[in-house]
Ligand SMILES: NC(=O)c1ccc[n+]([C@@H]2O[C@H](COP(=O)([O-])OP(=O)(O)OC[C@H]3O[C@@H](n4cnc5c(N)ncnc54)[C@H](OP(=O)(O)O)[C@@H]3O)[C@@H](O)[C@H]2O)c1
């Protein structure tokens, strides 16, 4: 397992994170097994959100891991807030209220990282700053970040928020590549040139912001893993299988390796509920795909290499 330091923090974290969004489909015993597998593989970081399972995922996690101060200090806990029923809410009151509920459900006194889940166009950044200052000064949250934001949204927030935004969590995978597309096809009359992220990849490298990849295997927006779609991703699956054979790992590991090969701080959030799939994903933590292999997979996923 490869570890990295999140810039300007004391956080030493695995580059694989266990994502807890689907945890509520498991019994407490199976959730315990999955968490145990993750920890045996060297995973020390867990990703939550207040909305996962309507709060049940956080509760089940705390029960399954047997949360106590000894366990708490061995793991890095991240959660998110600000998605409400049909809208997003960065108001100070809602952020403060959400964190209190999260801490209660996770049976802990503090979060290592709090992320704002999706951008709120109605935000007043001064309110976010107030909320973060309060959460930090009373010891409820150590570090702050965002999810699904572009560089200008981060800049706007950062103008007011005194705490460095250390993480941005985005959908990224070999079948979801907007983060890389426009940078690879600058100034061309093709769809790939359209900048959908505001150059978030380059911005994150410049500012030393850790990117976290959500849904590393999902095609589209939660349409299921691409591994089984031979019609749309036949060529990609074929190439992945060849590399899996070469490196003596599973196809899952190669899909993870496509992300971990990127030379900046990228963490991959595995959302599987199956311990075997989880182990296979962890095998991709430090596979050194060559440039030719990385570009080959990008092209096999249907992208043009100019
Ligand atoms: N910030 C955001 O907006 C946002 C949005 C979505 C998710 N997230 C975070 O990202 C995490 C991961 O998202 P995700 O669950 O959509 O990601 P994922 O790991 O791409 O998808 C997991 C799903 O794929 C299935 N799967 C099938 N074959 C698999 C294989 N060989 N290996 C692994 N999985 C396979 C899993 O089924 P099995 O369980 O049967 O393996 C599971 O249903 C979430 O838990 C959450 O923490 C964040």
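Numbering (the working numbering), first residue to last: 3 to 308. Ideal placement from N, C-alpha and C gives every residue a C-beta, glycine not left out. Predicted, not measured: the structure shown is a model, and the values here were computed from it.
Quick one: measure Cβ to Cβ for residue i and residue j, integer angstroms, because I've assumed they're closer than 8 Å.
i, j, result
"residue 142", "residue 177", "Not confirmed; about 37 Å, so no contact."
"residue 13", "residue 69", "Actually they are not in contact, since the Cβ atoms of residue 13 and residue 69 sit about 19 Å apart, beyond 8 Å."
"residue 201", "residue 153", "6 Å"
"residue 113", "residue 79", "6 Å"
"residue 295", "residue 262", "In fact, because the Cβ distance is near 13 Å, the residues do not count as touching under 8 Å."
"residue 64", "residue 34", "With a Cβ gap of about 11 Å, residue 64 and residue 34 do not count as contacting."
"residue 52", "residue 81", "6 Å"
"residue 39", "residue 168", "Not quite, the Cβ-Cβ distance comes to about 27 Å (not below 8 Å), so this is no contact."
"residue 17", "residue 269", "5 Å"
"residue 90", "residue 115", "19 Å between Cβ atoms; not a contact."
"residue 215", "residue 174", "4 Å"
"residue 120", "residue 275", "Between residue 275 and residue 120 the Cβ distance is about 24 Å, and since that is not below 8 Å, they are no contact."
"residue 203", "residue 188", "Contact flag wrong, Cβ pair sits at about 13 Å."
Quick check: is any heavy atom of ligand 1 less than 6 Å from the C-beta of residue i?
i, result
"residue 149", "yes"
"residue 260", "no"
"residue 276", "yes"
"residue 199", "no"
"residue 217", "yes"
"residue 190", "no"
"residue 271", "yes"
"residue 290", "no"
"residue 47", "no"
"residue 2", "Any question about residue 2 goes unanswered here, given that the chain covers just 3 to 308."
"residue 212", "no"
"residue 254", "yes"
"residue 43", "no"
"residue 250", "no"
"residue 313", "With the chain covering 3 to 308 only, the question about residue 313 has no answer from this structure."
"residue 313", "Given that the chain is displayed from residue 3 to residue 308, the structure contains no residue 313 and the question cannot be resolved."
"residue 298", "no"
"residue 164", "no"
"residue 220", "yes"
"residue 55", "no"
"residue 286", "no"
"residue 21", "yes"
"residue 180", "no"
"residue 227", "yes"
"residue 171", "yes"
So the beta strand (DSSP E) residue i belongs to, where does it begin and stop?
i, result
"residue 78", "78 to 83"
"residue 219", "Premise fails: residue 219 is in no beta strand (DSSP E) and is neither H nor E."
"residue 1", "Since the displayed the chain opens at 3 and closes at 308, residue 1 lies outside it and no answer follows."
"residue 47", "47 to 49"
"residue 116", "113 to 118"
Residue i lies in the alpha helix (DSSP H); which residues open and close that run?
i, result
"residue 170", "Note, residue 170: premise wrong, no alpha helix (DSSP H); beta strand (DSSP E) at 167 to 173."
"residue 269", "Unbroken run through residue 269 is the beta strand (DSSP E), 268 to 272; no alpha helix (DSSP H)."
"residue 141", "Premise fails: residue 141 is in no alpha helix (DSSP H) and is neither H nor E."
"residue 95", "94 to 108"
"residue 202", "202 to 209"
"residue 159", "153 to 162"
"residue 262", "253 to 262"
"residue 90", "No alpha helix (DSSP H) holds residue 90; DSSP gives it neither H nor E."
"residue 242", "232 to 249"
"residue 22", "Unbroken run through residue 22: none, as it is neither H nor E."
"residue 72", "71 to 74"
"residue 58", "58 to 67"
"residue 299", "293 to 302"
For residue i, which residues does DSSP report across the bridge?
i, result
"residue 16", "5"
"residue 178", "175"
"residue 149", "171"
"residue 227", "220"
"residue 275", "None; residue 275 has no bridge partner."
"residue 212", "169"
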